[in-house]
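Chemist:
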Amino acid sequence: MRKTVNLKTLRPELGLIIDCTRNLVDNRWTESIKSRLQPDLDWGYLFDGSYYHGVLPIVYREIFEHGGNIVPELFLSKMRQWFFRHSAQNMRIARELVFLVNIFKQNGILAVPFKGPFLAETCYGHMGYRQSMDLDILICKKDQENVKRIMLSNGYYVKIPSNDVESFEHLNPHHISYQRNGSGIPVEMHTDVFKKNRYEGVFSLAEKQDNLRQVEFFNTRLLDLLPEDLLLVLSVHGSQHRWDRMIWISDIAMMVARNPVLDWTRLLSEARKKGLLRMTLLGLDLAHEVFYIFLPDGVQQLVKADKTIGALKNQVMRNLFLRDVYRENDNPLRTDPPRFYYQVRVMEKWSDKFKVMMYMLGHKVRPNIRDKQSIPLPRPFVFFIRPFRLAFKYIPDLMRRRRK
Numbered sequence: 024m025r026k027t028v029n030l031k032t033l034r035p036e037l038g039l040i041i042d043c044t045r046n047l048v049d050n051r052w053t054e055s056i057k058s059r060l061q062p063d064l065d066w067g068y069l070f071d072g073s074y075y076h077g078v079l080p081i082v083y084r085e086i087f088e089h090g091g092n093i094v095p096e097l098f099l100s101k102m103r104q105w106f107f108r109h110s111a112q113n114m115r116i117a118r119e120l121v122f123l124v125n126i127f128k129q130n131g132i133l134a135v136p137f138k139g140p141f142l143a144e145t146c147y148g149h150m151g152y153r154q155s156m157d158l159d160i161l162i163c164k165k166d167q168e169n170v171k172r173i174m175l176s177n178g179y180y181v182k183i184p185s186n187d188v189e190s191f192e193h194l195n196p197h198h199i200s201y202q203r204n205g206s207g208i209p210v211e212m213h214t215d216v217f218k219k220n221r222y223e224g225v226f227s228l229a230e231k232q233d234n235l236r237q238v239e240f241f242n243t244r245l246l247d248l249l250p251e252d253l254l255l256v257l258s259v260h261g262s263q264h265r266w267d268r269m270i271w272i273s274d275i276a277m278m279v280a281r282n283p284v285l286d287w288t289r290l291l292s293e294a295r296k297k298g299l300l301r302m303t304l305l306g307l308d309l310a311h312e313v314f315y316i317f318l319p320d321g322v323q324q325l326v327k328a329d330k331t332i333g334a335l336k337n338q339v340m341r342n343l344f345l346r347d348v349y350r351e352n353d354n355p356l357r358t359d360p361p362r363f364y365y366q367v368r369v370m371e372k373w374s375d376k377f378k379v380m381m382y383m384l385g386h387k388v389r390p391n392i393r394d395k396q397s398i399p400l401p402r403p404f405v406f407f408i409r410p411f412r413l414a415f416k417y418i419p420d421l422m423r424r425r426r427k
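Take the position in the sequence shown, starting the count at 1, then add 23; the result is the number in my numbering.
1) Pull the bridge partners of residue 199 from the DSSP assignment, please.
2) Leaving aside the five residues before and after residue 326 along the sequence, list all residues of the same chain whose C-beta is less than 7 Å from its C-beta, in chain order.
3) Residue 345: buried (16+ other C-beta within 10 angstroms of its C-beta) or exposed?
4) Confirm, please, whether the CB-CB distance from residue 254 to residue 290 is below 8 Å.
5) Can you tell me the Cβ-Cβ gap for residue 109 and residue 268, rounded? I've got them flagged as a contact below 8 Å.
6) Would you mind stating whether residue 259 and residue 300 have Cβ atoms separated by less than 8 Å?
7) Does the ligand GDP have even one heavy atom less than 7 Å from the beta-carbon of residue 214?
8) Could you check which residue in 84, 235, 204 and 86 has the C-alpha nearest to that of residue 137?
9) With a cut-off of 8 Å on the beta carbons, I'd call residue 36 and residue 65 a contact; round off their distance for me.
10) Taking buried to mean at least 16 other C-beta atoms within 10 Å of its own C-beta, is residue 170 buried or exposed?
11) For the beta strand (DSSP E) containing residue 243, list its first residue and its last residue.
12) Quick check: the region 200–209 against the region 86–106, are there 3 or more CB pairs under 8 Å?
13) Considering only the beta carbon of each residue, do residue 248 and residue 274 sit closer than 8 Å?
14) Measuring alpha carbon to alpha carbon, tell me which residue in 141, 123, 32 and 363 is nearest residue 178.
15) Could you say which of 56, 68, 181 and 81 lies nearest to residue 277 if we only look at CA atoms?
16) Less than 8 Å between the C-beta atoms of residue 120 and residue 175, yes or no?
17) Give the single residue among 173, 135, 133 and 339 whose Cα lies nearest to the Cα of residue 261.
18) Taking the alpha carbon of residue 116 as the reference point, which residue from 153, 250 and 280 has its own alpha carbon closest?
19) Enumerate in chain order the residues of its own chain whose CB-to-CB distance from residue 62 is below 7 Å, with the five nearest sequence positions on each side excluded.
20) Short of 6 Å in beta carbon distance, which residues of its chain neighbour residue 166, apart from the five on each side in sequence? Order them along the chain.
21) Among 29, 292 and 366, which has the Cα closest to the Cα of residue 382?
22) Considering only their Cβ atoms, is the gap separating residue 91 from residue 40 smaller than 8 Å?
23) Identify every run of the alpha helix (DSSP H) within the region 242–303, keeping only runs that are complete inside it and at least 4 residues long; order them along the chain.
24) Can you tell me the Cα-Cα spacing of residue 30 and residue 341, whole angstroms?
25) If you follow the alpha helix (DSSP H) that residue 154 is part of, which residue opens it and which one closes it?
26) Taking residue 150 and residue 125 to be in contact with their CB atoms under 8 Å, please state how far apart those CB atoms are, rounded to whole angstroms.
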């Protein structure tokens with residue numbers, strides 16, 4: 024029988040990371056944080072773990088406030104310097120977002136941000152409380168060419184691993200990544216939140232443009248998804264990544280905690296209609312398990328009625344808390360089987376399971392840019408390069424691990 028995760032018996036550094044994040048969701052955990060702050064903590068592990076899970080700004084906030092003289096000054100100084108750099112980066116991303124949305128508005132293009140500093144400000148209450156690397160903006164599919172023209176005319180270029188722009192767009196029609204010279208901030212333009220042939224078409228801005236709200240951000244009025252729609256987006260986003268970071272579960276918890284009058288009936292109905300009920304309930308159940316958020320009785324009954332959710336939750340919790348993943352040299356050959364197993368099981372309909380299997384198998388066998396560049400061969404023969412290149416890349420590493 025697979026080992027289940029008891030959050031009370033985790034190593035103290037992980038327990039402290041969880042309590043710090045819980046305290047932002049629901050400020051009842053101050054005393055627990057103080058009791059966990061002990062001089063013999065592995066401070067390097069605490070930093071690495073907080074960064075990996077995307078909650079380092081939150082952990083810094085709590086440690087700075089409650090650490091007292093227990094926290095080594097060298098460690099606190101390292102966190103402080105990182106937090107200031109992170110906050111400055113988030114400010115740059117926020118300015119970039121406002122700049123782009125204003126340009127799109129002038130050209131009659133609907134654009135709605137999600138994730139990043141925008142989510143940090145609207146959901147966490149502070150732009151600096153969520154780690155951000157890029158911008159994610161939803162646009163309508165009909166506007167994609169106009170957006171591309173505007174981006175290129177304002178100093179952006181298409182950010183791809185080769186000069187084969189047409190090939191890249193063909194493989195990634197749901198989004199294009201841009202970057203402006205000198206900015207270092209990737210901008211992801213999405214016409215669909217979810218990946219091609221996996222959850223394609225289940226959520227697009229065109230169907231939601233009459234159900235948007237206005238929020239104040241950086242002295243500008245921006246459009247935002249309604250909480251129920253954003254919860255659905257965040258649930259599927261976390262599920263795409265198998266909930267490998269605590270921040271994605273925290274996003275769900277914060278959305279529920281900050282929106283006490285959620286329309287649960289609408290959320291569940293929308294999820295069921297799109298075949299996303301299981302992954303939505305899984306995200307809510309994980310947030311309930313880790314952060315103790317309130318879930319209505321009807322939602323809890325749906326979770327208990329689907330036995331697969333419990334099995335998937337245990338798989339996610341083991342992967343999240345029983346592996347020092349940020350201190351491992353992760354190997355795709357080792358992690359892909361459980362990821363494949365998860366992505367198939369989380370889908371409810373057999374037709375969707377089949378789509379996921381075809382997508383993931385196709386993704387693994389389709390030659391990429393490195394395959395095409397390794398040996399210059401005519402196009403029909405490029406397909407045969409990939410298995411040999413992967414074998415040369417990973418088998419020596421597997422052999423070394425076996426000898427150890």
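Each residue gets a CB set at the ideal place from its N, CA and C atoms; glycine is no exception.
Modeler: Let me spell this out:
1) Looking up residue 199 in the sequence shown gives position 176. Paired residue(s): 212.
2) For the purposes of this step, residue 326 is taken as residue 303 along the sequence shown, with counting starting at 1. Excluding residues within five positions, the ones whose Cβ falls inside 7 Å are 304, 308 and 332.
3) Taking the sequence shown and counting its residues from 1, one reaches residue 345 at position 322. Residue 345 should be labelled exposed.
4) Taking the sequence shown and counting its residues from 1, one reaches residue 290 at position 267. Taking the sequence shown and counting its residues from 1, one reaches residue 254 at position 231. Yes, Cβ-Cβ distance for residue 290 and residue 254 is below 8 Å.
5) If you number the sequence shown from 1, residue 109 lands on position 86. If you number the sequence shown from 1, residue 268 lands on position 245. At roughly 16 Å, the Cβ-Cβ gap does not stay under 8 Å, so residue 109 and residue 268 are not in contact.
6) The residue labelled residue 259 in the question sits at position 236 within the sequence shown. The residue labelled residue 300 in the question sits at position 277 within the sequence shown. Not in contact: residue 259 and residue 300 (Cβ atoms no closer than 8 Å).
7) In the structure shown, the ligand GDP is absent, as is every other ligand, since no ligand is present at all.
8) The residue you call residue 137 lines up with position 114 of the sequence shown. Among 84, 235, 204 and 86, the Cα nearest to that of residue 137 belongs to 235.
9) As a position in the sequence shown, residue 36 is number 13, starting the count at 1. As a position in the sequence shown, residue 65 is number 42, starting the count at 1. At roughly 6 Å, the Cβ-Cβ gap stays under 8 Å, so residue 36 and residue 65 are in contact.
10) As a working mapping, residue 170 is identified with position 147 in the sequence shown. Buried.
11) Here the question's residue 243 lines up with position 220 in the sequence shown. It spans 243–248 - the beta strand (DSSP E) in which residue 243 sits, taken as one unbroken run.
12) no
13) As a position in the sequence shown, residue 248 is number 225, starting the count at 1. As a position in the sequence shown, residue 274 is number 251, starting the count at 1. No, the Cβ-Cβ distance between residue 248 and residue 274 is not below 8 Å.
14) By 1-based counting over the sequence shown, the position of residue 178 is 155. Nearest option by C-alpha distance: 123.
15) Within the sequence shown, residue 277 is the residue found at index 254, counting from 1. Among 56, 68, 181 and 81, the Cα nearest to that of residue 277 is on 81.
16) To locate residue 120, count along the sequence shown from 1; it is residue 97. To locate residue 175, count along the sequence shown from 1; it is residue 152. Result no, Cβ atoms of residue 120 and residue 175 do not sit closer than 8 Å.
17) As a first step, residue 261 must be located in the sequence shown, where it is residue number 238. Residue 339 is the option with its Cα nearest to residue 261.
18) As a first step, residue 116 must be located in the sequence shown, where it is residue number 93. Nearest of 153, 250 and 280 to residue 116, Cα basis: 153.
19) Against the sequence shown, residue 62 aligns to sequence position 39. Excluding positions up to five away in sequence, the list reads 93.
20) Start at 1 with the first residue of the sequence shown, and residue 166 comes out as number 143. 132.
21) Position 359 of the sequence shown, counted from the first residue, corresponds to residue 382. The shortest Cα separation from residue 382 among 29, 292 and 366 belongs to 366.
22) Counted from its first residue, the sequence shown places residue 40 at position 17. Counted from its first residue, the sequence shown places residue 91 at position 68. No, these two residues do not count as a Cβ contact at 8 Å.
23) 250–263, 269–281 and 287–296
24) As a first step, residue 30 is located in the sequence shown; it is residue number 7 there, counting from the start. As a first step, residue 341 is located in the sequence shown; it is residue number 318 there, counting from the start. So the alpha carbons of these two residues sit roughly 11 Å apart.
25) Mapped onto the sequence shown, residue 154 falls at position 131. Looking at the DSSP string, residue 154 is not in any alpha helix (DSSP H), and its letter there is neither H nor E.
26) The residue you call residue 150 lines up with position 127 of the sequence shown. The residue you call residue 125 lines up with position 102 of the sequence shown. Not really, about 18 Å apart at Cβ, beyond 8 Å.
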